[in-house]
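Chemist: Questions regarding the structure given below will be posed in turn.
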Amino acid sequence: MKLIAPKNTQVILIGASKFDAADDNLPNLPNVKNNLVELHKSLNEVVGINAKNIHPVLDKDDFDTIIEETIDIFPKASDTIIVYYAGHGIPKNSFYLATKRTTVLKKHCTRAIESNKLVDLVIQETKAKNIIFIIDCCFSARLKEKIDTKSKNVFFIVASSSNKAAKDTSPDNQDCTAFTHELLDVLGKGIKNAGEFLTFQDISNHLEKQLLDKNLPEPQISSHGSPDKLGICKNRAYKKIVTTNKKYKINNDLRHHLPDRRSQEAKLGRAIHNNKNLPLLCLIHSNENQCNDRFIDRLVYHYLPKVVPENDITPYFVHCNFSNSVDLQQEISEQLATSLKINPFAPLSEIVDAIIMEQNPVIFHTDMCTKNWSRCGGIKAIHNFIEFWAKLKFPKEYNHLLLICLYFNYKNIKPTGLFSRFKKQSINDQIRQEFKQLATKNFLDTFGINGLVLPELTNIEKEDVEAWARDHLHTSVLDIVQPKIAYLFKSSDATIPMCDLSRELRKILEEFPPDVFRE
58 MKLIAPKNTQ VILIGASKFD AADDNLPNLP NVKNNLVELH KSLNEVVGIN AKNIHPVLDK
118 DDFDTIIEET IDIFPKASDT IIVYYAGHGI PKNSFYLATK RTTVLKKHCT RAIESNKLVD
178 LVIQETKAKN IIFIIDCCFS ARLKEKIDTK SKNVFFIVAS SSNKAAKDTS PDNQDCTAFT
238 HELLDVLGKG IKNAGEFLTF QDISNHLEKQ LLDKNLPEPQ ISSHGSPDKL GICKNRAYKK
298 IVTTNKKYKI NNDLRHHLPD RRSQEAKLGR AIHNNKNLPL LCLIHSNENQ CNDRFIDRLV
358 YHYLPKVVPE NDITPYFVHC NFSNSVDLQQ EISEQLATSL KINPFAPLSE IVDAIIMEQN
418 PVIFHTDMCT KNWSRCGGIK AIHNFIEFWA KLKFPKEYNH LLLICLYFNY KNIKPTGLFS
478 RFKKQSINDQ IRQEFKQLAT KNFLDTFGIN GLVLPELTNI EKEDVEAWAR DHLHTSVLDI
538 VQPKIAYLFK SSDATIPMCD LSRELRKILE EFPPDVFRE
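Here it is, written out as structure tokens:
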């Protein structure tokens with residue numbers, strides 16, 4: 058599925074709510090103003106289109122005035138242009154869209170928008186790959202008749218058939234017209250049993266069902282090319298199917314409840330709180346026996362839902378070779394684009410657009426180890442990694458957590474010569490010093506992105522495991538489990554690497570049923 062590129066999309070919202078010649082045949086439509094306000098908000102917050110690219114045009118005198126205000130907008134859209142109209146549709150010798158100073162005469166209308174001229178003008182003037190018309194007025198299907206699309210991708214979704222009136226209020230919401238209310242509802246709530254992203258076809262099908270179920274006019278669609286297959290936004294009702302076994306693993310895998318990681322979590326939590334709605338880069342480091350790659354699972358499933366509880370968190374692993382033979386930033390870009398299911402060679406602006414489309418908190422994470430250090434330029438590679446993410450520029454309106462994590466494993470490589478062991482240990486000590494030095498820097502001043510280095514993940518002490526057991530296990534099993542935990546620690550000051558501890562705790566808990574963990 059191809060998604061619209063919000064950054065390269067322009068929207069024109071035309072509304073006619075007041076009429077100088079208002080009467081029973083051309084009554085004022087106060088809900089139209091609310092339509093424009095709510096659509097502007099939804100297209101910005103849900104679809105991710107920059108507010109500067111959304112242009113409300115309300116209660117203008119005539120067609121010429123509207124065109125004067127919008128003609129320069131058409132060429133600015135390189136990906137998609139959306140033209141919306143709400144007001145009165147007037148069938149005469151042609152089909153007209155009313156404006157503030159429209160006068161209805163016997164055979165035609167003065168100062169109204171002749172619909173075929175509007176459609177022709179948009180198709181002719183825009184450079185956009187996809188042209189979307191959304192029309193909310195009576196008899197609106199007439200607008201899509203006898204159209205020359207000039208072989209462009211053009212999609213129409215209109216509120217009623219060519220011989221039926223639309224409804225100026227919704228039974229569920231008196232503040233918006235019926236059609237637009239349902240459109241806002243589907244963007245805001247999503248569609249159950251639909252895919253991860255909503256296409257224009259998904260939205261059209263759902264609107265048809267919803268409106269007919271409420272005895273409202275049936276919307277009409279028409280597609281030239283395939284813009285109906287175009288994804289517009291994340292489906293807020295989408296739920297990933299999780300098998301019973303996977304759910305059991307997520308709930309009960311000890312690595313998601315790593316004891317004593319509070320100092321790391323507290324530092325990360327403060328950074329998220331102090332840098333809301335800004336990308337945040339996090340460096341995690343530890344000996345390979347500390348399960349630091351699984352620390353990401355703990356963040357995703359255990360800690361971050363407490364910090365950002367309003368949305369599901371989407372984790373992506375981005376593979377990096379960290380080798381001098383590879384352009385690291387180009388590799389990250391390609392791997393990132395592939396993870397986001399867009400063209401691997403997409404420019405950074407399209408990658409940003411795809412991230413915005415997620416509409417959820419997102420974590421991108423990758424790993425590196427001692428073996429990579431010397432072959433990829435050491436600390437320069439870390440700087441290179443950070444600088445790539447600093448290049449991604451997000452609009453001020455972006456309001457979801459974006460966390461980028463790199464976790465570094467200090468590998469205990471088997472010695473191959475008399476001094477190899479000491480040499481490798483010396484490299485690990487050197488790397489630790491580099492991370493300590495990096496932890497003192499102001500990332501925003503140095504690299505142009507918010508970032509931090511978490512305290513090193515170390516061996517676990519007995520008191521922390523006992524505290525973990527009290528927090529995560531039912532009280533009914535504590536009297537049995539705690540003596541076995543104490544037995545693992547041979548002395549009061551003993552510590553255990555996290556990998557070993559996880560294995561031993563699993564052995565202890567095998568005798569208990571799966572619901573030994575608290576919810």
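Letter by letter, the sequence shown follows residues 58 to 576 of our numbering. Positions of the beta carbon are idealized from the N, C-alpha and C atoms, including for glycine. Quick caveat: nothing in here was measured; it's all calculated off a predicted structure.
Determine, using beta carbons only, whether Ile-139 and Phe-131 come nearer to each other than 8 Å.
Modeler: Their beta carbons are not under 8 Å apart, which means Ile-139 does not touch Phe-131 by this criterion.
Chemist: Is the Cβ-Cβ distance between Ala-223 and Phe-236 less than 8 Å?
Modeler: Yes, these two residues count as a Cβ contact at 8 Å.
Chemist: So, is Asn-302 buried or exposed, given that buried needs 16 or more other C-beta atoms within 10 angstroms?
Modeler: Below a pLDDT of 50, predicted positions are generally treated as unreliable, and Asn-302, at 37, falls in that range; the measurement from the model is reported next regardless. The residue is exposed, with fewer than 16 neighbouring Cβ atoms inside 10 Å.
Chemist: Which word fits Val-383, buried or exposed, when buried means at least 16 other C-beta atoms lie within 10 angstroms of its C-beta?
Modeler: Exposed.
Chemist: Indicate the three-state DSSP secondary structure (helix, strand or coil) for Lys-64 in the structure shown.
Modeler: It is helical.
Chemist: What residues in its chain sit with their C-beta under 6 Å from that of Thr-159, if we drop five residues either side in the sequence?
Modeler: Here the set comprises Cys-166, Arg-168, Ala-169.
Chemist: In the DSSP assignment, the beta strand (DSSP E) including Ala-143 goes from what residue to what residue?
Modeler: It spans 137-143 - the beta strand (DSSP E) in which Ala-143 sits, taken as one unbroken run.
Chemist: Checking the sheet assignment: what are the DSSP bridge partners for Gln-277?
Modeler: Bridge partners of Gln-277: Val-215.
Chemist: What are the partner residues of Pro-113, as DSSP defines its beta bridges?
Modeler: Answer by DSSP bridge pairing, in chain order: Leu-70.
Chemist: For Ile-370, which of helix, strand or coil comes out of DSSP?
Modeler: Of the three classes helix, strand and coil, the one that applies to Ile-370 here is coil, per DSSP.
Chemist: For Asn-85, I'd like the list of residues in its chain whose CB is within less than 8 Å of its CB, leaving aside the five on either flank, ordered along the chain.
Modeler: So the list reads Ser-74, Lys-75, Phe-76, Ala-79, once near-sequence residues are dropped.
Chemist: Could you have a look at Phe-504 and say whether DSSP puts it in helix, strand or coil?
Modeler: Looking at Phe-504 - three-state DSSP - the assignment turns out to be helix.
Chemist: Per DSSP, what kind of secondary structure is Val-538 in: helix, strand or coil?
Modeler: Here Val-538 sits in helix by DSSP.
Chemist: So, for Pro-418: in the same chain, excluding its five sequence neighbours on each side, which residues have a beta-carbon less than 6 Å away from its beta-carbon?
Modeler: Only Val-365, Asn-368, Ile-370, His-457, Leu-458 meet the Cβ criterion.
Chemist: Out of curiosity, what's the CA-to-CA distance linking Ile-298 and Gly-252?
Modeler: Note on Ile-298: pLDDT 45, under 50, position unreliable in the model; the coordinate value appears next. Distance between the alpha carbons of Ile-298 and Gly-252 is about 11 Å.
Chemist: Beta-carbon within less than 8 Å of Lys-59's beta-carbon, same chain only, minus the 5 sequence neighbours each way: which residues are those?
Modeler: If we look at Lys-59 and ignore the five residues flanking it on each side, its Cβ neighbours are Lys-286, Leu-287, Gly-288.
Chemist: On a CA-only basis, which of Gln-67, Glu-275, Arg-563, Lys-209 is nearest Pro-284? Give me that one, please.
Modeler: Selected option, being the one with the closest Cα: Lys-209.
Chemist: Taking its Cβ as the centre, do 16 or more other Cβ atoms sit within 10 Å of Ser-343, making it buried, or is it exposed?
Modeler: By the neighbour-count rule (16 or more Cβ atoms within 10 Å), Ser-343 is buried.
Chemist: Can you name, in chain order, every residue of its own chain whose Cβ lies under 7 Å from the Cβ of Val-573, other than the five neighbours on each side?
Modeler: Taken in chain order, the residues that qualify are Leu-530, His-531, Val-534, Leu-566.
Chemist: For Ser-217, does the count of other Cβ atoms within 10 angstroms reach 16, so buried, or fall short, so exposed?
Modeler: Buried, because 16 or more other Cβ atoms sit within 10 Å of the Cβ of Ser-217.
Chemist: Confirm, please, whether the CB-CB distance from Asp-118 to Thr-66 is below 8 Å.
Modeler: Cβ atoms of Thr-66 and Asp-118: not closer than 8 Å.
Chemist: Does Phe-254 come out as helix, strand or coil in the three-state DSSP assignment?
Modeler: Of the three classes helix, strand and coil, the one that applies to Phe-254 here is strand, per DSSP.
Chemist: So, helix, strand or coil for Leu-325, using DSSP?
Modeler: Three-state result, Leu-325: helix.
Chemist: Count the other C-beta atoms from every protein chain shown that fall within 10 angstroms of the C-beta of Asn-250, then say buried if there are 16 or more, exposed otherwise.
Modeler: Exposed.
Chemist: Rounded to whole angstroms, what's the CA-CA distance from Lys-291 to Asn-331? Just pull it up for me.
Modeler: Cα to Cα, Lys-291 sits roughly 27 Å from Asn-331.
Chemist: Under a three-way DSSP split, which group does Asn-441 fall into?
Modeler: Helix.
Chemist: Please check the pair Ile-408 and Leu-385, which I expect to be a contact at CB under 8 Å, by giving their CB distance rounded to whole angstroms.
Modeler: So it is not a contact: roughly 16 Å between Cβ atoms.
Chemist: What first and last residue would you give for the alpha helix (DSSP H) that runs through Ile-124?
Modeler: Ile-124 -> alpha helix (DSSP H) spans 120-127.
Chemist: Given 8 Å as the limit, is there contact between the segment 169-178 and the segment 101-110, that is, 3 or more CB pairs closer than that?
Modeler: Contact between the segment 169-178 and the segment 101-110 is absent, because fewer than three Cβ pairs lie under 8 Å.
Chemist: Once DSSP output is grouped into helix, strand and coil, what is the label at Asp-350?
Modeler: Reduced to three states, the DSSP call for Asp-350 is coil.
Chemist: Contact between the segment 485-495 and the segment 539-550: three or more CB pairs below 8 Å?
Modeler: At 8 Å Cβ cutoff, the stretches do not touch.
Chemist: In the DSSP assignment, find the beta strand (DSSP E) that holds Cys-462 and state where it starts and stops.
Modeler: Here the beta strand (DSSP E) through Cys-462 covers 459-467.
Chemist: Just the Cα atoms here: how many angstroms apart are Asn-150 and Gln-277?
Modeler: Going by the C-alpha atoms only, they are around 21 Å apart.
Chemist: Let me check understanding here. Comparing Cα to Cα, which of Lys-266, Pro-336, Leu-268, Phe-196 lies closest to Tyr-142?
Modeler: Checking every option, the nearest Cα to that of Tyr-142 belongs to Phe-196.
Chemist: Where does the unbroken alpha helix (DSSP H) through Ile-565 begin, and where does it stop?
Modeler: First-last of the alpha helix (DSSP H) with Ile-565: 555-566.
Chemist: Helix, strand or coil for Asp-205? Go by DSSP, reduced to three states.
Modeler: Three-state DSSP puts Asp-205 in coil, outside helix and strand.
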